[in-house]
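Going line by line, the protein sequences match chains C and S.
If you use my numbering, the first sequence corresponds to residues 5 to 159, in order.
If you use my numbering, the second sequence corresponds to residues 5 to 159, in order.
Number of protein chains: 2
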Amino acid sequence: MPFPLDTEPATVLRGAGLRVTGPRVAALAELREAGHVDVDSLARRLRARLGRVSTQAVYDVLRVLTDAGLVRRIEPAGAPARYELDGGDNHHHLVCRGCGTLVDVPCATGIRPCLETETTDHGFVVDEAEVIYWGLCPNCQASALTPNSAPTQQD
Amino acid sequence: MPFPLDTEPATVLRGAGLRVTGPRVAALAELREAGHVDVDSLARRLRARLGRVSTQAVYDVLRVLTDAGLVRRIEPAGAPARYELDGGDNHHHLVCRGCGTLVDVPCATGIRPCLETETTDHGFVVDEAEVIYWGLCPNCQASALTPNSAPTQQD
DNA sequence: ATGAAATCTTGAAACATTCCAGATTACGTG
DNA sequence: CACGTAATCTGGAATGTTTCAAGATTTCAT
Numbered sequence: 005m006p007f008p009l010d011t012e013p014a015t016v017l018r019g020a021g022l023r024v025t026g027p028r029v030a031a032l033a034e035l036r037e038a039g040h041v042d043v044d045s046l047a048r049r050l051r052a053r054l055g056r057v058s059t060q061a062v063y064d065v066l067r068v069l070t071d072a073g074l075v076r077r078i079e080p081a082g083a084p085a086r087y088e089l090d091g092g093d094n095h096h097h098l099v100c101r102g103c104g105t106l107v108d109v110p111c112a113t114g115i116r117p118c119l120e121t122e123t124t125d126h127g128f129v130v131d132e133a134e135v136i137y138w139g140l141c142p143n144c145q146a147s148a149l150t151p152n153s154a155p156t157q158q159d
Numbered sequence: 005m006p007f008p009l010d011t012e013p014a015t016v017l018r019g020a021g022l023r024v025t026g027p028r029v030a031a032l033a034e035l036r037e038a039g040h041v042d043v044d045s046l047a048r049r050l051r052a053r054l055g056r057v058s059t060q061a062v063y064d065v066l067r068v069l070t071d072a073g074l075v076r077r078i079e080p081a082g083a084p085a086r087y088e089l090d091g092g093d094n095h096h097h098l099v100c101r102g103c104g105t106l107v108d109v110p111c112a113t114g115i116r117p118c119l120e121t122e123t124t125d126h127g128f129v130v131d132e133a134e135v136i137y138w139g140l141c142p143n144c145q146a147s148a149l150t151p152n153s154a155p156t157q158q159d
């Protein structure tokens, strides 16, 4: 959010006080194109772009970017984590139970109220409200009776 | 929710069209006492009560009970899944980032709006809105500067 | 009481993620 | 612009949760 989406990745990294490395630059670039990626597919993208990239590096990069607030981790129940650029708009996610397809849902739209944060409960200090809507995408609704298409992690 | 909390476990199972077995009866009984349990601690409880119970049986039982709507699975990001009796009240959860403590948060209380379900978006048919609030419990707030207590899965 | 289907046991596998030790790299200093 | 140090990356192994597979046991309707 502190950076427009078209800011040079290296600039974004420096602005966040992070070192500029190949995997990090490439990760930011790929995340811009890819939407919501899991670790495995991001690793494939990085390797296609850079050659050899260790699995550990992928996890490290994502952790660093996440900790810096540049990237947001989404972890739908029962599925590997996905990552997306953090645009600071605090949107939520809609996940298909059938195929795992994940789409963004804007916060505070229509019947969908945005949630208060910075609230206190049970003595807790709440800093984030994570909302995940579960349902069936059009495709999986169609094949609900004839389950022929194997669940696939689409974007 | 079809059953009062004090209904005999065997009756609950039969009412849901499920077979009555030792592990299932014990699981329902333990879940009443335990609050939010992970698979491992439920397994320990079942073994203490019944003697030998396979890990697989624990997973099978929880899946069956979950599919039947008697039990609800909570899967906070980065932590093993927890299970609780499904009272049908559609409450949400508040998780401590420090120690993993999990507490219930009633739906539609004060600034906390209950979410619409049965809504359609992107062609999706939404059947559930899952909300997880993240924050710090009182203990972890206190030890935020002097992180001495190792994260523990409390209830 | 009997049999078919569901459930449980045991042991192994799959999977995402993390740990470890050492080599390499980025970048503030001199 | 060369250096040194801390941060980062590589490669390989390990961890821990969850699932798979095959066979024994149990539940429940007949």
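Yeah, the Cβ is synthetic: ideal placement off N, Cα and C, and Gly gets one too.
For residue i, return the contacting residues in chain C, with the cut-off set at a CB-CB distance below 9 Å.
| i | result |
| --- | --- |
| S:Leu-98 | Asp-125, His-126, Phe-128 and Val-130 |
| S:Gln-145 | Gly-127, Phe-128 and Val-129 |
Could you tell me the distance, in whole angstroms, from the CA atom of residue i to the CA atom of residue j?
| i | j | result |
| --- | --- | --- |
| C:Arg-101 | S:Val-109 | 24 Å |
| C:Leu-106 | S:Val-24 | 38 Å |
| C:Ile-136 | C:Ser-45 | 22 Å |
| C:Gly-55 | C:Ala-61 | 13 Å |
| S:Pro-13 | S:Leu-74 | 11 Å |
| C:Gln-145 | C:Gly-82 | 20 Å |
| S:Thr-113 | C:Gly-91 | Only weak support exists for where S:Thr-113 lies, its pLDDT of 43 falling under 50; the coordinates are left without a value. |
| C:Leu-17 | C:Leu-89 | 13 Å |
| C:Ala-47 | S:Trp-138 | 28 Å |
| S:Arg-116 | C:Val-129 | Only weak support is given to the placement of S:Arg-116: the predicted model assigns it a pLDDT of 40, under 50, and the question is left unresolved by the model. |
| C:Glu-79 | C:Gly-21 | 26 Å |
| C:Leu-4 | S:Asp-64 | The structure shown does not extend to residue 4 of chain C, since chain C is modelled only from 5 to 159, so the question has no answer here. |
| C:Leu-69 | C:Gly-19 | 12 Å |
| C:Gly-104 | S:Arg-67 | 19 Å |
| C:Thr-15 | S:Asp-42 | 43 Å |
| C:Ser-147 | S:Gly-127 | 14 Å |
| S:Glu-134 | C:Glu-134 | 8 Å |
| S:Asp-93 | S:Asn-143 | 28 Å |
| C:Val-28 | C:Gly-39 | According to the sequence displayed, residue 28 of chain C carries Arg and not Val. One C-alpha to the other measures close to 16 Å. |
| S:Tyr-87 | C:His-96 | 24 Å |
| S:Pro-151 | C:Pro-84 | With a pLDDT of 44 at S:Pro-151, under the threshold of 50, the modelled position of that residue is not reliable, and no figure is offered here. |
| S:Ser-58 | S:Ala-52 | 12 Å |
| S:Asp-71 | C:Leu-140 | 17 Å |
| C:Arg-77 | C:Glu-132 | 13 Å |
| S:Glu-34 | C:Val-99 | 31 Å |
| S:Gly-26 | C:Leu-50 | 50 Å |
| C:Arg-36 | C:Thr-11 | 11 Å |
Find the residues of chain S that neighbour residue i, judging by a C-beta separation of less than 9 Å, and give them in chain order.
| i | result |
| --- | --- |
| C:Cys-167 | Nothing in the structure corresponds to residue 167 of chain C, since chain C is present only between 5 and 159. |
| C:Val-62 | Residues of chain S passing the Cβ test: none, with the nearest at roughly 17 Å. |
Which residue comes first and which comes last in the alpha helix (DSSP H) that contains residue i?
| i | result |
| --- | --- |
| C:Val-1 | Residue 1 of chain C cannot be examined here, being either before or after the span of chain C that is shown, 5 to 159. |
| S:Leu-35 | 26 to 38 |
Could you please give the first and the last residue of the uninterrupted beta strand (DSSP E) stretch that includes residue i?
| i | result |
| --- | --- |
| S:Leu-140 | 128 to 140 |
| S:Arg-18 | Looking at the DSSP string, S:Arg-18 is not in any beta strand (DSSP E); the run it does join, the alpha helix (DSSP H), is 13 to 19. |
| S:Arg-101 | Here S:Arg-101 belongs to no beta strand (DSSP E), and DSSP marks it neither H nor E. |
| C:Arg-23 | Unbroken run through C:Arg-23: none, as it is neither H nor E. |
| S:Glu-88 | 86 to 89 |
With hydrogens ignored, establish whether the beta-carbon of residue i is closer than 6 Å to any heavy atom of the ligand SAM.
| i | result |
| --- | --- |
| S:Arg-49 | In the structure on display, the ligand SAM does not appear, and there are no ligands present to speak of. |
What residues from chain S crowd round residue i, counting only those whose CB sits closer than 7 Å?
| i | result |
| --- | --- |
| C:Gly-139 | Phe-128, Val-129, Val-130 and Asp-131 |
| C:Glu-12 | None at all; the shortest Cβ gap to chain S is about 30 Å. |
| C:Pro-142 | Gly-127 |
| C:Val-57 | Within chain S, no residue comes near C:Val-57; the closest Cβ sits about 23 Å away, beyond 7 Å. |
Could you tell me which chain C residues have their CB closer than 8 Å to the CB of residue i, listed as they occur along the chain?
| i | result |
| --- | --- |
| S:Val-16 | By Cβ distance, chain C contributes nothing, its closest Cβ being about 24 Å from S:Val-16, past 8 Å. |
| S:Val-68 | Simply none; closest approach about 16 Å. |
Going along chain S, which residues have a C-beta under 8 Å from residue i?
| i | result |
| --- | --- |
| C:Val-65 | Per Cβ cutoff of 8 Å: no residues; C:Val-65 is ~17 Å from chain S at best. |
### Task
For the region 70 to 92 of chain S, enumerate the residues whose C-beta is nearer than 9 Å to any C-beta of chain C, in chain order.
Arg-77, Ile-78, Glu-79, Pro-80, Ala-81, Gly-82 and Ala-85
### Query
Taking Cβ-Cβ distances below 7 Å as the criterion, which residues of the region 19 to 47 of chain S are in contact with chain C?
none
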